[in-house]
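Engineer: What follows is a single structure, and I will ask about it in a moment.
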Amino acid sequence: MIITTGDRPLTEVAERAERLAKQLGVPYVPRGNQSMSKLLTRCGGEEALVVLLHGVRLLRPDRPQLQFHPSMGFVRAKRILKGESDPLLEAAGMVPGDSVLDCTAGLGADALLFAVRGGEQSRVTALESSLPLYALLAAGMAHYDSGISEVDAALQRINIVNSDHVDYLRKLPDNSVDIVYFDPMFREPLEDSSGISPLRPYANSDSLSPESVTEAVRAARKAVVLKEKRGSGEFSRLGFAEQPRPGTKTSYGVITIDQ
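Sequential numbering from 409 applies to the sequence shown in the working numbering.
Have a look at this one:
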């Protein structure tokens, strides 16, 4: 992966791109007068994270462009701020101040919901094993302007970590986080939204392992939550009690931790 900028970037944008490249340990390639297609060809067809003044994009010749945006997470976050309920937060039993480990960050939509509900006293960590997606999230969340200060503050409170969730969970002490959450990429997609379809080629498509769940149960104080297709055999395979939602194609499964 390389880091670059848009055409004729401001000095502050170029400096931000250079800092990000150094942080990630990947090359920074000045854009110059090259088109993105020529730059990608020159760099051997790798992913290019393009840092812009008001956003960040992930490009690769054989994949659709991916731009950071909390998508439906933004819509749901606004509802939470109005005091409305959210099915994920209800399934997790989350209250303000709870700590959350989101093991499958994706584009960060669910982590945003946890951070909004949790408030300033909560601790939300989002794991992403894909380096390009991690880079997109880290740069995107740090500089995204939603127009709502509470949402922007929540995004910046999320701790994004580039790690495989099993490796991360193994290192956690027992009962060290209130809620552990999994939203693995569905092997057979539902009718993917415009926000999810571009994500799929970059994301980890592995199914959730029993070891992941065992480690999550050990580390959690309150609950482990899994999002899957409604009626999915993954709930019973992994020991989750499904909580069907009438009229929807997805459900949440919960393992409640007995203290």
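All C-beta atoms in this analysis are idealised placements derived from N, C-alpha and C, irrespective of residue type, glycine included.
(1) Any idea which residues DSSP pairs Tyr-436 with across the strands?
(2) Just checking Ser-445 against the ligand PLP - is the residue's beta carbon closer than 7 Å to any of the ligand's heavy atoms?
(3) Along the alpha helix (DSSP H) that carries Gly-481, what are the first and last residues, could you check?
(4) Counting along the chain, where does the beta strand (DSSP E) carrying Gln-473 start and finish?
(5) State the start and end residues of the unbroken beta strand (DSSP E) segment that holds Gly-661.
(6) If you measure between the beta carbons of Val-625 and Val-662, is that distance less than 8 Å?
(7) Identify, in the order they occur along the chain, each residue of the same chain with its Cβ nearer than 7 Å to the Cβ of Ala-580, setting aside the five sequence neighbours on each side.
(8) Using a 10 Å radius around the Cβ and a threshold of 16 neighbouring Cβ atoms, would you call Asp-415 buried or exposed?
(9) Ignore the nearest five residues each way along the sequence and tell me which others in Ser-507's own chain have a CB closer than 7 Å to its CB.
(10) Does the structure place the segment 479-494 close enough to the segment 557-569 that three or more beta carbon pairs sit under 8 Å?
(11) Across the segment 511-528 and the segment 428-446, are there enough close Cβ pairs to call them in contact, namely three or more that are closer than 8 Å?
(12) Taking the beta strand (DSSP E) that Ser-507 belongs to, which residues open and close that run?
(13) Can you check whether the CB of Arg-450 is closer than 8 Å to the CB of Pro-417?
Structural biologist: Walking through what the data contain:
(1) Residue pairing from DSSP places Tyr-436 in a beta bridge opposite Ile-411.
(2) Questions concerning the ligand PLP fall outside what the structure shown contains, since it holds no ligand whatsoever.
(3) Start and end: 480-489.
(4) In the DSSP assignment, Gln-473 falls within the beta strand (DSSP E) that extends over 471-475.
(5) Taken as a continuous stretch (DSSP letters only), the beta strand (DSSP E) holding Gly-661 covers 658-664.
(6) No, these two residues do not count as a Cβ contact at 8 Å.
(7) A small correction: the amino acid at residue 580 is Leu; Ala does not occupy that position in the sequence shown. Listed in chain order, the non-local C-beta contacts of Leu-580 below 7 Å within the same chain comprise Ala-627, local neighbours out to five positions each way being set aside.
(8) By the 10 Å Cβ count, Asp-415 comes out exposed.
(9) In chain order, Ser-530, Arg-531, Val-585 and Asp-586 place their CB closer than 7 Å to the CB of Ser-507, counting only its own chain and leaving out the 5 sequence neighbours on each side.
(10) For the pair of segments examined, the segment 557-569 was found to touch the segment 479-494: the number of CB pairs separated by less than 8 Å reaches three.
(11) The segment 511-528, when compared against the segment 428-446, does not touch it at the 8 Å Cβ threshold.
(12) Segment 507-510, the beta strand (DSSP E) holding Ser-507.
(13) Contact: no.
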